[in-house]
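Just so you know, we're using our numbering here: the sequence shown kicks off at 327 and counts up by one.
No residue lacks a Cβ here, since even glycine has one placed at the ideal position from N, Cα and C.
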Amino acid sequence: MEKCTDTVVDWMIRCNAINEADRELYKYALHSFFLLFSPLLLACGIGFCFGSIKQGIIIIIPFTVLRKFSGGYHAKNLYTCILGSSFLLFLCTMLSIHVQYDWKLAIATVIASVSLIIFSPVDSENRRLDTDEKQIYKKITIFLVCFLTLADMVLFLFGRKSYAIYFSIGIQLAAWLQIPCIVKETVNRPKKEYKCRLVQKGLKLKKK
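Right under this line is the structure:
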C-alpha cells in the first residue's frame with residue numbers, strides 16, 4: 327500500500343496538483359481512503375457471490391465506521407491486507423447465514439461493545455495518535471458503539487432479526503481485530519516499563 331500511495335502522490339506532485347510539503351498529508355489521506363472503501367468493495371463482491379450484496383454491505387458498515395476510530399490490527403502489506411480482509415468477510419458472511427439471533431449472540435455483541443469502549447482507540451503503526459486525538463477518538467467510539475448497539479436492539483425488537491445479526495457481526499469484527507494489538511501491547515508493556523526504569527536510573531546517576 328505504501329508503494330501505491332507513493333506512486334499516486336508522486337504523480338500528483340509532478341502534475342503540480344499538490345505541493346511537495348503536503349506529501350505526508352496526502353499519503354495519509356489516500357491510505358485512509360483505501361482503508362475506508364476497500365472493505366465496502368470486498369463486501370459487495372463477496373455478497374454478490376452469496377446472492378446478496380445488501381447482506382455484505384450491512385455487515386461491513388458498522389465495522390468500517392467503528393474501525394475508523396477504534397483502530398485495530400493492520401497487515402504490513404497490501405496483498406496480505408486484501409487476502410486477510412477477503413477471508414474475514416467470507417467467514418462473517420457465512421456466519422451470518424448460519425447463526426441465529428439468540429442470547430449467545432446478544433452476549434457476544436455486548437462483550438464486543440464493552441471491549442471496544444475500554445480499549446479504543448488502538449494505535450496504528452502507520453500513524454500514532456497524540457493524547458488529544460486519543461481522547462477525541464475514544465469519545466467518538468463510545469458514541470458509535472452505543473448507537474450501533476441500540477440500533478441492533480431496535481432491529482431485533484421490530485422483527486428484523488437478519489439485519490440485527492449483520493449488525494452484531496459487524497460490531498464483533500471490529501472488536502476481534504483489536505485483539506492482536508491488545509495482546510501485543512500487554513506482552514510488550516513489561517519491556518517498556520523496564521526500559522523506562524533503566525533510563526530513569528541513568529538520569530539519576532548522571533545527576534550525581
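| said: Using only the alpha-carbon positions, how far apart do M338 and Y354 sit? | reply: The alpha-carbon atoms of M338 and Y354 are separated by roughly 14 Å.
| request: Return the first residue and the last residue of the alpha helix (DSSP H) that Y427 is part of. | output: Taken as a continuous stretch (DSSP letters only), Y427 belongs to no alpha helix (DSSP H), as it is neither H nor E.
| Secondary structure at P447, three-state DSSP: helix, strand or coil? | In the three-state reduction of the DSSP assignment, P447 falls in the coil class, being assigned neither a helical nor a strand state.
| task | Identify whether Q461 lies in helix, strand or coil by the three-state DSSP scheme. | result | helix
| query | Are the CB atoms of G398 and V448 nearer to each other than 8 Å? | reply | yes
| query | F473: which of Y489, F363 and L392 sits nearest, CA to CA? | reply | L392
| Between the CA atoms of I508 and Y520 - distance to the nearest angstrom | At Y520, the pLDDT of 49 sits below 50, so the modelled position is not reliable; the number obtained from the coordinates is stated separately. Computed Cα separation, rounded: 19 Å.
| query | Is the region 380-388 touching the region 484-504 in the sense that three or more CB pairs, one from each, lie closer than 8 Å? | reply | Segments in contact, yes.
| field | Spatial distance of G485 from T419 (CA atoms) | value | 20 Å
| task | Return the first residue and the last residue of the alpha helix (DSSP H) that I386 is part of. | result | I379 to S396
| request: Check whether the Cβ atoms of Y489 and I384 sit closer than 8 Å, and answer yes or no. | output: yes
| query | What is the DSSP secondary structure of L498, counted as helix, strand or coil? | reply | Leu is not the amino acid found at residue 498; the sequence shown has Gln there. When DSSP states are grouped into helix, strand and coil, Q498 belongs to the helix group.
| field | Counted within 10 angstroms of its Cβ, other Cβ atoms place D332 as buried (16 or more) or exposed | value | exposed
| From S378 to A477, what does the alpha carbon distance come to, in whole angstroms? | 21 Å
| field | Cβ shell of I495 (< 7 Å), same chain only, five flanking positions each side left out | value | I385, C418, L421 and S422
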